[in-house]
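Taking UniProt numbering, the leading residue of the sequence shown gets 1, the next gets one more, and so forth.
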Amino acid sequence: MRTKLKNISTGRILENTFSSGVKVTEARVEHRPHQFLYKDDMGYHFMNSETFEQMSIQEQLVESPDLMREGQEVDLVYHVDSETPLMVNLPQFVVFEITYTEPGVRGDTSSTNSLKSATIDTGATIMVPLFIEQGERIKVDTKERSYVERAKE
Numbered sequence: 001m002r003t004k005l006k007n008i009s010t011g012r013i014l015e016n017t018f019s020s021g022v023k024v025t026e027a028r029v030e031h032r033p034h035q036f037l038y039k040d041d042m043g044y045h046f047m048n049s050e051t052f053e054q055m056s057i058q059e060q061l062v063e064s065p066d067l068m069r070e071g072q073e074v075d076l077v078y079h080v081d082s083e084t085p086l087m088v089n090l091p092q093f094v095v096f097e098i099t100y101t102e103p104g105v106r107g108d109t110s111s112t113n114s115l116k117s118a119t120i121d122t123g124a125t126i127m128v129p130l131f132i133e134q135g136e137r138i139k140v141d142t143k144e145r146s147y148v149e150r151a152k153e
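This is the structure in C-alpha cells:
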C-alpha cells in the first residue's frame, strides 16, 4: 500500500510503501482550544482557552502565521504522552478585510476565473476575483490560502 505520511514533529511529508500485514503505531494526539495573543522575538504566544495558561510556540509549528490575528481562536495539537505541542491548526474559514487591491477594470477578463492579488488586514496576500474591491470583507480558506466568497455581514 502506497502512503503519504506527515512527520508531526518536523512537518515533512514522506512517501512510503507498506507490504500487507504491516502494523503502524498511531500517534496519540489531542486538540486543545487556544487563543493567539501576540508574536515577538520569543515566538508566538497563545493562551489555553480552558486553563488560561500561556505558552510560547516556535514559528515552524504554525502552518500559516500570516493568516493569524491577535485574539483569534485556534487549535493546538499536542502529543498526549509527552505533552508537547506539535502544530497550530487555524479554523478552516476566516473572514478578513481587504486593505489593498488594484481596482478591477471592466472588460479586463479573458475568462470567468480571472484573479488579482489582494492584501488582507494581517498583511498576507490572497488571490481574489477581479470584482473584489478594497475595504470589502472576504472569507478565506486557510488550508488552501484561497478566496471562498464575500463575507456575509
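Note that beta-carbon positions come from the ideal geometry of N, C-alpha and C, so glycine has one too.
Measure the alpha-carbon distance for residue i versus residue j and round it to whole angstroms.
i, j, result
"Asp29", "Gln35", "The residue asked about is misnamed: residue 29 is Val in this sequence, not Asp. The straight-line gap from Cα to Cα measures roughly 19 Å."
"Asp141", "Ile120", "13 Å"
"Leu67", "Tyr44", "13 Å"
"Ser82", "Lys6", "18 Å"
"Ile13", "Val62", "16 Å"
"Ala124", "Val77", "24 Å"
"Lys23", "Val74", "32 Å"
"Gly21", "Asp41", "48 Å"
Give the single residue among the options whose Cα lies nearest to the Cα of residue i.
i, options, result
"Ser49", "Arg2, Ala151, Thr122 and Gln72", "Gln72"
"Pro33", "Lys23, Thr51, Asp41 and Thr25", "Thr51"
"Pro91", "Gln60, Lys143 and Glu26", "Lys143"
"Glu153", "Ser146, Ile126, Gly123 and Arg137", "Arg137"
"Ala151", "Gln54, Phe93 and Leu76", "Phe93"
"Ser146", "Lys23, Ile126, Leu130 and Ser20", "Ile126"
By Cβ distance, which residues of its chain are closer than 7 Å to residue i, with the 5 residues on each side in sequence left out?
i, result
"Ile57", "Gly43, Tyr44, Phe46, Pro85 and Val88"
"Pro38", "First, the residue type needs correcting, since residue 38 is Tyr and not Pro in the sequence shown. Excluding sequence neighbours, Tyr38 sits near His45 and Glu70."
"Val80", "Arg28, Val29 and Glu30"
"Phe131", "Gly104"
Rounded to whole angstroms, how far is the Cβ of residue i from the Cβ of residue j, which I believe are closer than 8 Å?
i, j, result
"Lys115", "Val95", "The sequence given here places Leu at residue 115; Lys does not occur at that position. Not a contact, Cβ separation roughly 19 Å."
"Asn16", "Thr25", "Asn16 to Thr25, Cβ: 14 Å. No contact."
Give me, in chain order, the residues of the same chain whose beta-carbon lies closer than 8 Å to that of residue i; leave out the 5 immediate sequence neighbours on both sides.
i, result
"Tyr100", "Ala118, Thr119 and Gln134"
"Leu65", "First, the residue type needs correcting, since residue 65 is Pro and not Leu in the sequence shown. The answer, listed in chain order, is Lys39, Tyr44 and Glu59."
"Gln54", "Leu37, His45, Phe46, Met47 and Asn48"
Using three-state DSSP, classify residue i as helix, strand or coil.
i, result
"Glu15", "strand"
"Pro91", "coil"
"Pro103", "coil"
"Glu153", "coil"
"Asp66", "helix"
"Gln35", "strand"
Residues in the same chain with beta-carbon distance under 6 Å from residue i, minus the five sequence neighbours each way, listed in chain order, please.
i, result
"Met1", "Phe18"
"Glu97", "Asp121 and Arg137"
"Glu149", "Lys139"
"Asn113", "none"
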